[in-house]
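Just so we're aligned: the sequence shown equals residues 156 to 693 in our numbering. Where a beta carbon is used, it is the ideal one built from N, C-alpha and C, also for glycine. Here the structure comes first, spelled out in structure tokens, and everything after it is commentary.
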Amino acid sequence: SGPETVSPTGQPTGADPARMAQSGAYLTTAQGARLPDTDHSLKAGPRGPVLLQDHHLREKITHFDHERIPERVVHARGAAAHGVFRGYGTAAKLSKAAFLAKDAETPVFVRFSTVLGSRGSADTVRDTRGFATKFYTEEGVFDLVGNNIPVFFIQDAIKFPDAIHAGKPHPDREIPQAQSAHDTFWDFVTLHTEATHHTLWNMSDRGIPRSYRMMEGFGVHTFRLVDAAGATTLVKFHWKPKLGVHSLVWEEAQIAAGVDPDFHRRDLADAIEAGAFPEWELGVQTFPDTEDQTFEGIDLLDATKIVPEELAPVQPIGLMTLNANPSNYFAETEQVAFHTGHLVPGIDVTDDPLLAGRMFSYLDTQISRLGGPNFGQLPINRTHAPVNDMLRDGMHQTAVHRGVAPYRPNSLDGGCPFLAGEDTGAFVEVPAAVAASRKAREKPASFDDHYSQPRLFWLSMTPVEREHIVAAYTFELGKCYEQAIKERALAVLARIDSRLCEEVAAGLGLPAPGPDSHLTDPEPSQALSQLGGVWPLD
Ligand code: HEM
Numbered sequence: 156s157g158p159e160t161v162s163p164t165g166q167p168t169g170a171d172p173a174r175m176a177q178s179g180a181y182l183t184t185a186q187g188a189r190l191p192d193t194d195h196s197l198k199a200g201p202r203g204p205v206l207l208q209d210h211h212l213r214e215k216i217t218h219f220d221h222e223r224i225p226e227r228v229v230h231a232r233g234a235a236a237h238g239v240f241r242g243y244g245t246a247a248k249l250s251k252a253a254f255l256a257k258d259a260e261t262p263v264f265v266r267f268s269t270v271l272g273s274r275g276s277a278d279t280v281r282d283t284r285g286f287a288t289k290f291y292t293e294e295g296v297f298d299l300v301g302n303n304i305p306v307f308f309i310q311d312a313i314k315f316p317d318a319i320h321a322g323k324p325h326p327d328r329e330i331p332q333a334q335s336a337h338d339t340f341w342d343f344v345t346l347h348t349e350a351t352h353h354t355l356w357n358m359s360d361r362g363i364p365r366s367y368r369m370m371e372g373f374g375v376h377t378f379r380l381v382d383a384a385g386a387t388t389l390v391k392f393h394w395k396p397k398l399g400v401h402s403l404v405w406e407e408a409q410i411a412a413g414v415d416p417d418f419h420r421r422d423l424a425d426a427i428e429a430g431a432f433p434e435w436e437l438g439v440q441t442f443p444d445t446e447d448q449t450f451e452g453i454d455l456l457d458a459t460k461i462v463p464e465e466l467a468p469v470q471p472i473g474l475m476t477l478n479a480n481p482s483n484y485f486a487e488t489e490q491v492a493f494h495t496g497h498l499v500p501g502i503d504v505t506d507d508p509l510l511a512g513r514m515f516s517y518l519d520t521q522i523s524r525l526g527g528p529n530f531g532q533l534p535i536n537r538t539h540a541p542v543n544d545m546l547r548d549g550m551h552q553t554a555v556h557r558g559v560a561p562y563r564p565n566s567l568d569g570g571c572p573f574l575a576g577e578d579t580g581a582f583v584e585v586p587a588a589v590a591a592s593r594k595a596r597e598k599p600a601s602f603d604d605h606y607s608q609p610r611l612f613w614l615s616m617t618p619v620e621r622e623h624i625v626a627a628y629t630f631e632l633g634k635c636y637e638q639a640i641k642e643r644a645l646a647v648l649a650r651i652d653s654r655l656c657e658e659v660a661a662g663l664g665l666p667a668p669g670p671d672s673h674l675t676d677p678e679p680s681q682a683l684s685q686l687g688g689v690w691p692l693d
């Protein structure tokens, strides 16, 4: 007596597919009555006033008036594609997730996005790109809601509203659209120096990708894989594009933003239509699930830190191929709802405080964006696993539930008893130890190191990449009105690398500050220091 949901193709029972395709010999009202004319409103004579009784006019305009839904509060502009994920089986020893088994094939839907611009903004602006993947697995939906940059601006989700308020256009003039070239952005990232690493990636060529098909993707946080025996491994997820990683140069990005603001979505759709299906390998870096959740001195719960691949290589676990464009932008790309809480048995979260906030935020925002709690019934969001959830009613409910007892246990509808102690293939949270036993609005000392990894990133760049970074800081900071913000930004750069700071200062026509003597950076881990010795080019 589970709920009777809509058909697998997404149409309510009795729906006429011809109507969905908007074809057929006759135009009708929404109720199916045939219409003689949809071009002239009903008037008292050809030049007379329009009559209130024209219900077709009212239906048509009323529906139009409500066509828009709110855009996403972040990642509003996106483009998406359907595809398939095939497991290599190499992760099967770490995770019992069925879709990771050898040769298991799982349908996917991927949405790429910019973060800060509105729905109509240009594609090629300097920004982070979203890379969100929905796996329709036989055990339920798994969403990997990642970005093309492996670190994040902040370490604790409580700062997310602040970071986005600073990154979005100024509240007075609402400019700029989708650029980091403004005072509030630089004010925030220089006052919250945990943002330094992500900002540096943004100012590098990674901030202006050549194509969605040529971007890496990262789960950013550390996740926990669970095998059939309950053993756990900490992992970071990586998508590696088969086409390699490529960027635009700044002049190209600027020209494309003007000449073809749809550059990235056109590129993705055209490639798929031409049969040049983009592919990514999914891989994991693995770390032992130790009590302190660090690896080589790097805090795995700090989303502003990577683990260099030299220390933990990315091991491939499957291949994703995007092979079909959406047929309806609104129904698919706009209404898709990703959520870090969409997990399947074999994959669990860690105590990263940034991830914790995301576990709340996505469902919450989608209730207002998609009009109530039933958006899981929209075709693009519907799981491919059987549903028996006892959720009832609410705005935009399309399921016609049967049964009288939507609670368990019950003695009226029967069936579905809880099978205590039996493995039912359920998602069971890992009974991981909880770190602290005392409530505190604090952070671990390891979160204080804001510079050793940006330094490592800078030192790993080739000369031409460094030139691009210097030019990007100079351009973006050059747009700031407040001198004090530029000076603070230079002080941050001085703590990454004196040459970086001097070159940006020269570009801005300002003196380069010396190292800030009253500030001392925490020591980077030994492993990082050793890498630092290997990577510098000069
Ligand atoms: C949307 C990634 C942090 C709140 C998105 C999307 C991506 C993403 C890819 C777009 C999904 C789509 O295409 O529909 C990330 C990553 C983060 C991060 C990688 C950090 C590692 C956060 C945090 C919060 C948050 C900390 C809030 C506390 C949201 C919201 C949306 C969103 C509200 C809009 C969702 C919707 O309307 O459907 N994020 N995000 N994100 N994110 Fe995040």
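Nearest to residue i by CA position, among the options, is which residue?
i: T279; options: F485, I410, F373; result: I410
i: L398; options: F418, M475, P668; result: M475
i: T459; options: N478, P201, D311, A467; result: D311
i: V583; options: E631, R621, P500, L546; result: P500
i: F286; options: I319, H230, P416; result: H230
i: L683; options: V400, I461, T348; result: I461
i: I304; options: L655, H393, F602, G473; result: H393
i: N543; options: E622, G531, K594; result: G531
i: P586; options: I363, V491, G385, G179; result: G385
i: P666; options: G372, E642, V647; result: E642
i: F515; options: A318, I216, I313; result: I313
i: H716; options: A234, F630, H195; result: With the chain covering only 156 through 693, there is no way to say anything about residue 716.
i: V263; options: N357, T388, V491; result: V491
i: T261; options: F297, R232, S276; result: F297
My guess is that residue i and residue j are in contact by the Cβ rule of under 8 Å, so how many angstroms apart are they, rounded?
i: A424; j: N483; result: With 8 Å as the limit, A424 and N483 do not qualify as a contact, their Cβ atoms being about 13 Å apart.
i: H494; j: L509; result: H494 to L509, Cβ: 15 Å. No contact.
i: R524; j: R202; result: Not confirmed; about 44 Å, so no contact.
i: L456; j: T377; result: 7 Å
i: T538; j: Y243; result: About 24 Å separates the two Cβ atoms, so there is no contact after all.
i: R379; j: D454; result: In fact, because the Cβ distance is near 15 Å, the residues do not count as touching under 8 Å.
i: V265; j: T288; result: 5 Å
What did DSSP end up calling residue i once you bin it into helix, strand or coil?
i: I453; result: strand
i: N357; result: helix
i: D603; result: helix
i: A486; result: helix
i: K395; result: strand
i: H221; result: coil
i: S672; result: Note on S672: pLDDT 46, under 50, position unreliable in the model; the coordinate value appears next. Coil.
i: V229; result: coil
i: H237; result: strand
i: K289; result: strand
i: G473; result: strand
Can you give the Cα-Cα distance for residue i and residue j, rounded to whole angstroms?
i: S680; j: T449; result: 11 Å
i: D422; j: A540; result: 33 Å
i: L466; j: M545; result: 47 Å
i: Y628; j: D548; result: 52 Å
i: Q177; j: N536; result: 23 Å
i: R274; j: R557; result: 40 Å
i: T579; j: V559; result: 25 Å
i: P416; j: E407; result: 12 Å
i: F340; j: P316; result: 13 Å
i: G452; j: L533; result: 45 Å
i: F432; j: A259; result: 19 Å
i: A581; j: H210; result: 51 Å
i: A336; j: C635; result: 7 Å
i: L346; j: M550; result: 42 Å
i: K251; j: P564; result: 29 Å
i: I651; j: H605; result: 9 Å
Suppose the cutoff is 7 Å on Cβ atoms and the five residues either side in sequence are ignored; what does the same chain contact list for residue i look like?
i: E214; result: T184, A185
i: D447; result: none
i: G374; result: L299, G301, K391, F392
i: M369; result: P396, L398, G399, V400, H401
i: A118; result: A query on residue 118 cannot be resolved here, the shown segment of the chain reaching from 156 to 693 and no further.
i: E637; result: D338
i: L663; result: T629, L632, G633, K641
i: D360; result: S402, E620, H623
Quick one: what's got a C-beta closer than 6 Å to residue i's C-beta in the same chain, skipping five residues either side?
i: L355; result: P609, F612
i: Q552; result: N529
i: P561; result: M545, R547
i: V205; result: S196, K198
i: Y181; result: R189
Hey, does residue i have any beta-carbon neighbour from chain D nearer than 8 Å?
i: P500; result: The structure shown has no chain D; it contains just one protein chain.
Beta-carbon within less than 8 Å of residue i's beta-carbon, same chain only, minus the 5 sequence neighbours each way: which residues are those?
i: P471; result: Y243, T245, K395, E436, L437, G438
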